[in-house]
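Peer 1:
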Amino acid sequence: MHWNFGDNPENLATELAHAVANDLRAALRSRDAATLALSGGNTPKQFMQCLSLQKLDWDKVTVTLVDERWVPPDHPRANAGLLRKHLLREEAAHAHFVPLYVEAPTPEDGLAQVRARIDTLALPLDVVVLGMGDDGHTASFFPGGDQLRNALDPKTPERVVSMRAPHAGEPRITLTLPLLVGARARYLLLTGDSKRNVLLDAMKGGDYPISAVLEAAPELQTYWCP
Ligand code: 6PG
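The working numbering puts the first residue of the sequence shown at 292, with every later residue one more than the last.
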């Protein structure tokens, strides 16, 4: 794993937005489509806003989510709404968005439809940006998750699974480890000492969901600031 340090959240967001934009431009020099998968939560808001200002062929970029809470897109907890508000505007308004939520009572009910959606993406993903919680979860790989073993299995044939876990809040839907670490460029964005200490512990062998990502993607680029 490689550290990229920022002085503050704004500087970090700008640095990561430039790196991701350059990855997308490089992808579009080689292929006529690029695919980007972003995490939700609070940390990536500034990054998304910076990325939305980057000039590139956004109409050739498909954006999806690393994971989603199983709530309608207009729900305040929906990552889809976060992405529409902070990324799909300015230059990036022309990107194509593939949401993970479908009109179904549960993620288990909607899973087949979501799988079909993910199967339409140009794979491997070009860029993935992960976040991390204080419990060492990433994506919706929450400790105690009912599908955690399957989601973290490097050989799972699944590209997307449902997830229910004690501290996940709503039922979730999440891309799986192989799909995420199989991306051409992999980033982890986190801030603060608490999360850094969890990541350092994971790097030293601590057992967290993020540990599986560190093991499967040793070239992960981590962006961190105090
Ligand atoms: C989500 C995210 C999740 C997030 C971490 C960190 O849906 O919540 O995908 O994996 O990256 O929970 O979230 P914060 O940035 O809000 O701390």
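Even glycine gets a Cβ: it sits at the ideal position worked out from N, Cα and C.
Compute the Euclidean distance between the alpha carbons of Gly401 and Glu449, then round it to the nearest angstrom.
Peer 2: Taking the straight line joining both Cα atoms gives about 14 Å.
Peer 1: Identify every residue that forms a DSSP beta bridge with His293.
Peer 2: DSSP, once it has assigned bridges, lists Gln512 as partnering His293.
Peer 1: Let me make sure I understand the geometry here. Which of Leu468, Arg475, Tyr499 has the alpha-carbon closest to that of Gly424?
Peer 2: It is Tyr499 whose Cα lies nearest to the Cα of Gly424.
Peer 1: Within 10 Å of its beta-carbon, does Leu491 have 16 or more other beta-carbons around it, so buried, or fewer, so exposed?
Peer 2: That one is exposed.
Peer 1: Report the residue from Val311, Met339, Ala476 whose alpha carbon sits nearest the alpha carbon of Glu381.
Peer 2: The shortest C-alpha separation from Glu381 is found at Met339.
Peer 1: Three Cβ pairs or more, each shorter than 8 Å: is that satisfied between the segment 321–334 and the segment 364–378?
Peer 2: With a cut-off of 8 Å, the segment 364–378 and the segment 321–334 count as touching, because enough Cβ pairs lie within range.
Peer 1: Per DSSP, what are the beta-bridge partners of Thr429 in this structure?
Peer 2: Paired residue(s): Phe432.
Peer 1: Between Glu306 and Pro364, what straight-line distance do the alpha-carbon atoms span, to the nearest angstrom?
Peer 2: Between Glu306 and Pro364, the C-alpha separation is close to 29 Å.
Peer 1: Taking the beta strand (DSSP E) that Thr305 falls in, what are its first and last residues?
Peer 2: Taken as a continuous stretch (DSSP letters only), Thr305 belongs to no beta strand (DSSP E), being part of the alpha helix (DSSP H) at 300–321.
Peer 1: If you drop the 5 nearest sequence neighbours on each side, which residues of the same chain put their C-beta closer than 8 Å to that of Arg475?
Peer 2: Contacts found: Asp314, Ala318, Pro415, Leu416, Asp417, Val418.
Peer 1: Which of the three DSSP states, helix, strand or coil, is assigned to His387?
Peer 2: It is a strand residue.
Peer 1: Would Glu359 be called buried (16 or more neighbouring beta carbons within 10 Å of its own) or exposed?
Peer 2: When all chains shown are included, Glu359 counts as buried.
Peer 1: Taking the alpha-carbon of Leu329 as reference, which of Leu342, Arg322, Arg320 has the nearest alpha-carbon?
Peer 2: Leu329 has its Cα closest to that of Leu342, out of Leu342, Arg322, Arg320.
Peer 1: Cutting at 6 Å between CB atoms, please list the residues of its own chain near Thr355, excluding the five before and the five after it.
Peer 2: So the qualifying residues of the chain are Ala328, Val389.
Peer 1: Considering only the beta carbon of each residue, do Val472 and Ala507 sit closer than 8 Å?
Peer 2: Contact flag set, yes.
Peer 1: Looking at Pro457 and Thr397, is the spacing between their C-beta atoms short of 8 Å?
Peer 2: Against a cut-off of 8 Å, the Cβ pair of Pro457 and Thr397 comes out as no contact.
Peer 1: Since His385 and Asp350 are thought to touch, with beta carbons under 8 Å apart, how far apart are those beta carbons, to the nearest angstrom?
Peer 2: So it is a contact: roughly 4 Å between Cβ atoms.
Peer 1: Using three-state DSSP, classify Leu443 as helix, strand or coil.
Peer 2: Leu443: helix per DSSP, three-state reduction.
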